[in-house]
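In the working numbering, the protein residues as written are 2 to 432. All C-beta atoms in this analysis are idealised placements derived from N, C-alpha and C, irrespective of residue type, glycine included. Here the structure is a predicted model, which is why all the values come from computation and not from measurement. Below is one structure, written out as structure tokens; the observations come after it.
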Ligand SMILES: Cc1ncc(COP(=O)(O)O)c(C=O)c1O
């Protein structure tokens, strides 16, 4: 957990002229610093409404609607967003000087901070613009020949499946998909399914750390260990896992890990990370070409031409905010909010949950289906009648409404969602 001095230093060191720090920042620093001294465990802290009210107010969000789709993309707290805007303005002064010479070198200190936070070596960590970019670097950058097999599941993110589909059309690779149960209640079963699907020609395995359809957490370390034993390289899609679940990338034992930072880290929109194990860097082609002398350098994946520096630097303030909350406390609050709506709806036999909520197997995200009510119509109704944002899940084997609150979500907002669904259970959807 961040100390008072650490948080103040992280949020009060702008690159050039100081951003005017409103009184609200000072208040937030005090609240987080007090929290750092608080001896209570995460579960008890998760119920401290005085603390979470301060966090709710730290996000300059539009409360005229209820955003329960934080799994899609998240707003940043003001301490992150203001600094990001400040750096954009600074960049615009004389971009070749202010952006390239003044701001850009600071990426290296942010790289170190981020590597320490996610549990890997800084020389194994590249900044990207999102998880899609991180994962596609690996999906397209690893040599495969016609007939080589890649293994995924039937619940991986559509864009990542599309990347392999393109490679199939282009290079003749073979795609095999493991079917995963919904809800996914048994880790042994998941590992067995992957074990049974690995064959002689399997070269690459892509799996989600957190499945976007249901929020289910997969036993990634076990599947990666299995793949390693069989000589199969692994790419983990961690779009939803960074700053949502407490873990260290190095403990997963994967070869590659890609994540967005504009979801659960609350970093500026357009930020992601790519971890690539040191010995795999030279074996992975960048999506955009780099010089040969960069072959073994993780920064070759950042050679994308001129682009704004402000988003990646904003990761520094996002980390300070995240560490101020504390990873365990943040997850406990997210689970508390999730359980509030689920406990309120669960009594009705028509409510089917597609997410197993066993501790460690899900965080903020869960997906619900109301039998007899088409999920698409429910999502539309929630938005049109109540201005509640949720995400429609439509999979060939199941459908539902994905609900993902965040640390800034109020209890009243959760209750508004519950009341709206109760009304549908009672009266059906309006015709
Ligand atoms: C599992 C998963 N992978 C990858 C992505 C792509 O993330 P982004 O759009 O930030 O690149 C998402 C987006 O929601 C996702 O849920």
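Quick check: is any heavy atom of ligand 1 less than 7 Å from the C-beta of residue i?
i	result
residue 161	yes
residue 1	No answer is possible for residue 1: the residues shown for the chain start at 2 and end at 432.
residue 238	yes
residue 213	yes
residue 276	no
residue 98	no
residue 463	Outside the displayed span of the chain (2 to 432) sits residue 463, for which this structure offers no information.
residue 73	yes
residue 131	yes
residue 407	no
residue 158	yes
residue 209	yes
residue 261	yes
My output table needs one value for residue i: the three-state DSSP class, helix, strand or coil.
i	result
residue 107	helix
residue 418	helix
residue 355	coil
residue 410	coil
residue 209	strand
residue 238	strand
residue 314	helix
residue 333	helix
residue 232	coil
residue 428	helix
residue 361	coil
residue 26	helix
residue 113	helix
residue 252	helix
residue 5	For residue 5, the predicted model reports a pLDDT of 49, less than 50, meaning its position is unreliable; a value from the coordinates is still stated below. In this structure, residue 5 counts as helix in the three-state DSSP scheme.
residue 75	coil
residue 423	helix
residue 401	strand
residue 128	strand
residue 41	coil
residue 186	coil
residue 245	coil
residue 301	helix
residue 121	coil
residue 264	coil
residue 191	helix
residue 80	helix
residue 60	coil
residue 159	helix
residue 325	helix
With residue i and residue j assumed to form a contact (beta carbons below 8 Å), what rounded beta-carbon distance in angstroms separates them?
i	j	result
residue 151	residue 174	6 Å
residue 178	residue 155	5 Å
residue 353	residue 372	6 Å
residue 285	residue 142	5 Å
residue 215	residue 184	7 Å
residue 93	residue 261	Not a contact, Cβ separation roughly 26 Å.
Per DSSP, residue i forms a beta bridge with which residues?
i	result
residue 308	Looking at the DSSP assignment, residue 308 forms no beta bridge with any residue, so it has no partner.
residue 68	390
residue 275	127, 259
residue 285	143
residue 203	150
residue 218	211
residue 395	400
residue 370	353
residue 177	152
Original post:
Is the segment 267–287 in contact with the segment 124–138, if contact means three or more CB pairs nearer than 8 Å?
Top reply: yes
Original post:
Per the contact definition of three or more C-beta pairs closer than 8 Å, is the segment 45–53 in contact with the segment 381–394?
Top reply: no
**OP:** Count the C-beta pairs between the segment 301–318 and the segment 83–94 that are closer than 8 Å, then say yes if the count reaches three, no if not.
**Re:** With a cut-off of 8 Å, the segment 83–94 and the segment 301–318 count as touching, because enough Cβ pairs lie within range.
Subject >> Cβ contact (3+ pairs, closer than 8 Å) linking the segment 215–229 and the segment 180–200 >> reply: yes
Subject >> Inter-stretch contact at 8 Å, needing at least 3 Cβ pairs: the segment 391–408 / the segment 63–73 >> reply: Note that the segment 391–408 touches the segment 63–73; at least 3 beta-carbon pairs, one per stretch, sit closer than 8 Å.
Subject >> Sufficient close CB pairs (3 or more, under 8 Å) joining the segment 287–306 to the segment 258–272 >> reply: no
Original post:
Does the segment 340–354 touch the segment 224–235, meaning 3 or more C-beta pairs lie closer than 8 Å?
Top reply: In this structure the segment 224–235 does not touch the segment 340–354; the number of beta carbon pairs closer than 8 Å is below three.
**OP:** Inspect the CB distances between the segment 371–386 and the segment 35–45 and report whether three or more fall short of 8 Å.
**Re:** no
Original post:
For the 8 Å Cβ check, are there 3 or more pairs between the segment 54–64 and the segment 75–83?
Top reply: Taking 8 Å as the limit for Cβ pairs, the verdict is that the segment 75–83 does touch the segment 54–64.
Subject >> Cβ contact (3+ pairs, closer than 8 Å) linking the segment 333–340 and the segment 362–378 >> reply: yes
Original post:
How do the segment 247–255 and the segment 101–110 stand: do at least 3 beta-carbon pairs fall below 8 Å, yes or no?
Top reply: no
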